[in-house]
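Protein chains in written order, with our numbering: chain U, -7 to 220; chain Y, -7 to 220.
Since the structure comes first, as structure tokens, the remarks are kept for the end.
There are 2 protein chains.
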Amino acid sequence: MQIVDENRAKAERAGLSERQNAVLESALKLLVDGGEKAVTTAGVARAANCSKESLYKWFGDRDGLLSAMISYQAGKVRTVEVGAETLTTDGLRKHLAAFALDLLDVLSGDVSLALNRLAIGQTVGRTAMRGARGSGPTLGRLLEERGRRQIGRRATMLLEAGRKAGLLAFDDADEAYGTLYGLIVTDAHLRMLLGFDPAALKKEFAGRAERAAASFLTLYGVGAMADA
Amino acid sequence: MQIVDENRAKAERAGLSERQNAVLESALKLLVDGGEKAVTTAGVARAANCSKESLYKWFGDRDGLLSAMISYQAGKVRTVEVGAETLTTDGLRKHLAAFALDLLDVLSGDVSLALNRLAIGQTVGRTAMRGARGSGPTLGRLLEERGRRQIGRRATMLLEAGRKAGLLAFDDADEAYGTLYGLIVTDAHLRMLLGFDPAALKKEFAGRAERAAASFLTLYGVGAMADA
DNA sequence: GCCGAACCGTACCGTACGGTACGCATTCGT
DNA sequence: ACGAATGCGTACCGTACGGTACGGTTCGGC
């Protein structure tokens, strides 16, 4: 049975079966409009028309299911590459604004918010590294790895391209990205996590993205003095 | 209700006795190093050496207890006023940096993080306005009102003072505050909520605060030239 | 057509928790 | 000094959930 487990583990990493994906989709739906406590094993089984026994067979335990939900959803991020050659100042601004809009769209998504709430709710302040089972990393760590890191890579690429084109000036790309992130998101993410209706914020996303891009260029564009 | 109760009267501003405050303190301690699921009625009662019956008498039900924890903790915010007259550019920068440092300190506090996790975990995506009991607003809304709004007022005051002194230029104070907030916090808050060790981030708080203040002045300072 | 594997539906178990009830100690007002 | 109120400790109840076991059913391989 170890062989079976190994095969399954590999399958989970490379992508689960259609049936399992459907189950995860159901679980995500439950999570989105019921919160974490709505994701009960019985509830998921009922919603997905599968048996609890299968759930435990596929995901080990409830934590495994939750982790699988995060990994599964994270597998949907698209990585848009940017043609690095023809970069003008205005083109860079547009790329920045587009990135900002995408970022805001991702963060304001129902599923994203629900998963972030889940991972945050799971987090414990004090040294939570209790590896009771093979749950591996914390859900929060998992979410950060698969979510933020991924989209951050795209931003870093864009910033590097801008620097190579002589349009941006910064020493630490991560720091610059942090600034960009802050200009774009401000506290919108936290407020949405706390229950603020995303629809109310979405209306100003476009303007916010434009302003963030412009501000970022003011701070890091060539001709501006970055450090004091 | 004579002279002896003078001290208690101050504590009872929020309608809570000393005993109840002690209970809330115990509950907060439990929350901080055990997460939400550690805050059980029996656990709080045991930790605070009181009976469950008293808990229910004082707070109604578990939700009432959680709300009381948030309100109680929020009652500790101090509002530092800024002398609006003698404002130079450098003085403003220092005030901004001080505010940034305070904000980061607050957000990285154990209790603050635990309460934010609690409120976020309690939040449900879909129209969460189901008031089961007299709990009134959502915990998230409560936290936002009492926490962010409060410290935001202080920042807004500072910004208005800067504008009145002719050192800052902006149309919308809230928008400017949002930018300031983003520059200061970036994604540090979210990462800490997800479990990232605050101690690791605290080391760079000072530098981050300085940079945020400088960047803000670059964006909103008159003439837009930060350094001199 | 048969066999085994996978799987569904359901019943079941142990536990943990929210909430209530009761008995007894302590305190406070009169 | 005495009765009432407050509150502690504990036992108790109902429920809900995580996890397991079992019988019946479908499906693919031989």
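Built from N, CA and C at the ideal position, the CB exists for glycine as well.
Please list, in chain order, the chain U residues whose beta carbon lies closer than 8 Å to that of Y/E28.
G113
Considering only their Cβ atoms, is the gap separating Y/Q65 from Y/L93 smaller than 8 Å?
no
Grab the span of the alpha helix (DSSP H) containing Y/G113 for me, first residue to last.
102 to 114
What residue from Y/Y212, Y/A206, Y/A192 has the CA that sits closest to Y/S100's CA?
Y/A192
Taking a cut of 8 Å between CB atoms, which residues from the stretch 169 to 183 of chain Y lie near chain U?
Hits within the stretch, in order: G170, T171, Y173, G174, L175, I176, V177, T178, D179, H181, L182, R183.
Determine the contact status of U/S43 and U/A34, defining contact as a CB-CB distance below 8 Å.
If you check the CB distance, U/S43 and U/A34 do not come in under 8 Å.
Measuring only between beta-carbons, confirm whether Y/E45 sits less than 8 Å from chain U.
no
In chain Y, which residues lie less than 7 Å from U/A239 when you measure between Cβ atoms?
Residue 239 of chain U lies beyond the residue range present for chain U, which begins at -7 and ends at 220; the question has no answer from this structure.
Taking the alpha carbon of Y/G139 as the point to measure from, which residue in Y/D25, Y/A60, Y/V69, Y/M184 has its own alpha carbon closest?
Y/V69
Looking at the structure shown, is Y/L99 part of a helix, part of a strand, or coil, going by DSSP?
helix
If distances are taken between C-alpha atoms only, which option among Y/A201, Y/T210, Y/L185 comes closest to Y/L110?
Y/L185
Report, in whole angstroms, the separation of the C-beta atoms of Y/L95 and Y/I143, which I expect to be a contact under 8 Å.
Correct: roughly 6 Å between the Cβ atoms.
Examine chain Y for any beta-carbon lying closer than 8 Å to the beta-carbon of U/V116, and answer yes or no.
yes
Should U/R155 be flagged as near chain Y, meaning a C-beta pair shorter than 8 Å?
no
Closer than 8 Å, CB to CB, is Y/R133 near chain U or not?
By this cut-off, Y/R133 is an interface position.
Please state whether DSSP places U/L221 in a helix, a strand or coil.
Examination of residue 221 of chain U is not possible in this model, given that chain U is present from -7 through 220 alone.
Any residues in the stretch 200 to 212 of chain U with a beta carbon nearer than 7 Å to a beta carbon of chain Y? Which ones, in chain order?
S207, T210, L211
Pick out whichever of U/G213, U/E10, U/A205, U/V31 has its Cα sitting closest to the Cα of U/A106.
U/V31 is the residue among U/G213, U/E10, U/A205, U/V31 whose C-alpha sits nearest the C-alpha of U/A106.
For Y/L131, tell me which candidate among U/F188, U/A201, U/A147 has the shortest Cα-Cα distance.
U/F188
Check the DSSP bridge columns for Y/L160 and list the partner residues they point to.
Y/G213
Got a sec: which bits of the stretch 96 to 108 of chain U sit with their beta carbon under 7 Å from any beta carbon on chain Y, in order along the chain?
Residues are counted here when their Cβ sits less than 7 Å from a Cβ of chain Y; for the stretch 96 to 108 of chain U these are D102, L105, A106, given in chain order.
Y/R11 by DSSP, collapsed to three states: which one?
helix
Would DSSP call Y/G67 helix, strand or coil?
DSSP places Y/G67 in coil when its eight states are reduced to three.
Pick from U/V214, U/E167, U/N41: whose alpha carbon is nearest that of U/R145?
U/E167
Look at the Cβ atom of Y/F51, then the Cβ atom of Y/A60, and state whether they are nearer than 8 Å.
yes
Which residue from U/H87, U/L57, U/N108, U/K29 puts its Cα closest to that of U/R8?
Inspection of the sequence shows that residue 8 of chain U is occupied by Leu rather than by Arg. Distance check between U/L8 and each of U/H87, U/L57, U/N108, U/K29 places U/L57 closest, using alpha-carbon atoms only.
I want to see whether chain U comes within less than 8 Å of Y/V31, judged by CB atoms only; does it?
no
By the criterion of Cβ-Cβ separation under 7 Å, what are the contact partners of U/G187 in chain Y?
T115, A120, T130, G132, R133
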